[in-house]
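No gaps in the numbering here: position 49 of the sequence shown is 49 in the UniProt record's numbering, and each next residue is one more.
Have a look at the structure below, then the notes.
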Amino acid sequence: MTPAERAALLTAPLADLADAAEVVASDVVYEGRVWDVRRDRFRFGGAEIERDYVDHTGAVAVLARDADDRVLLINQYRHPIRSRDWELPAGLLDVEHEDPLAAAQRELAEEADLEAAEWSELLTFATSPGGSDETIRVYEARGVSATAEAFARTEEEAELVLRWVPLAEVVEAALAGRIHNSILLVAVLAAHARG
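So, in structure tokens, the structure goes:
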């Protein structure tokens, strides 16, 4: 990084800085059912560095809100943390060439049997940039209504529980440490901050 680039980081409006280091080697070291682990060797700061990370497809999530300022939450079993946690409807960007908004609409229908008349992007964030390239795009959905037909759910989704909760109550649960899902936390706090 040049002194001018460093100075710009310290004085410019706060924003992440794209910096595509030169990748000299990239290999999949573990091929998983849902995502892979990739090992990259890259040049950075005059040295070659090697890092392993989860090579993720990316995902979308939906903060559905009703006219009473309630948020739709789903409760789902998550094996890695051995917990049934509260979440937003969400899913992988695993359909080739699918538009992220279309994926969000699909996930709301598949997980909650709902559709929405109004959609807007709330935010996009990197879930764990030190160990994964996953980014999540969260959409806000309003004007929610039931879909024409219900979806069949299997595996962990077979026991989904849906609950409409006032946004203020979700924020209070987040600040009290009673809910832990990162997507839910980021989305409801952003929605609350925006008013």
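Every residue gets a Cβ at the ideal spot worked out from N, C-alpha and C, and that includes glycine.
Give the straight-line distance between the Cα atoms of residue i and residue j, rounded to the nearest whole angstrom.
i	j	result
residue 180	residue 85	7 angstroms
residue 3	residue 151	56 angstroms
residue 134	residue 68	33 angstroms
residue 200	residue 25	The structure shown does not extend to residue 200, since the chain is modelled only from 1 to 195, so the question has no answer here.
residue 49	residue 41	6 angstroms
residue 19	residue 148	46 angstroms
residue 132	residue 183	15 angstroms
residue 164	residue 127	25 angstroms
residue 91	residue 60	6 angstroms
residue 15	residue 96	30 angstroms
residue 274	residue 145	An answer regarding residue 274 cannot be provided, because it is not within the stretch 1 to 195 covered by the chain.
residue 54	residue 114	31 angstroms
residue 5	residue 186	29 angstroms
residue 195	residue 36	38 angstroms
residue 192	residue 140	12 angstroms
residue 21	residue 7	20 angstroms
residue 166	residue 33	36 angstroms
residue 70	residue 64	8 angstroms
residue 79	residue 178	18 angstroms
residue 31	residue 12	41 angstroms
For residue i, which residues from the same chain have a beta carbon less than 7 angstroms from its beta carbon, with the 5 sequence-adjacent residues on both sides left out?
i	result
residue 190	122 and 123
residue 17	9
residue 162	72, 74 and 112
residue 66	144 and 164
residue 153	160
State the CB to CB distance for the pair residue i and residue j, rounded to an integer number of angstroms; the pair is presumed to be in contact (CB under 8 angstroms).
i	j	result
residue 174	residue 188	6 angstroms
residue 93	residue 57	5 angstroms
residue 168	residue 142	The pair is not a contact, with the Cβ atoms about 17 angstroms apart (cut-off 8 angstroms).
If you drop the 5 nearest sequence neighbours on each side, which residues of the same chain put their C-beta closer than 6 angstroms to that of residue i?
i	result
residue 39	27, 29 and 52
residue 137	60, 100 and 124
residue 118	142 and 143
Report buried or exposed for residue i, applying the criterion of at least 16 other Cβ atoms within 10 angstroms of its Cβ.
i	result
residue 73	buried
residue 81	exposed
residue 107	buried
residue 45	exposed
residue 109	buried
residue 62	buried
Grab me the residues of residue i's own chain with a C-beta within less than 8 angstroms of its C-beta, minus the 5 sequence neighbours each way, in chain order.
i	result
residue 77	83, 84, 156 and 159
TODO: Please confirm if the segment 7–27 is in contact with the segment 98–117, defined as three or more CB-CB distances below 8 angstroms between the two stretches.
DONE: no
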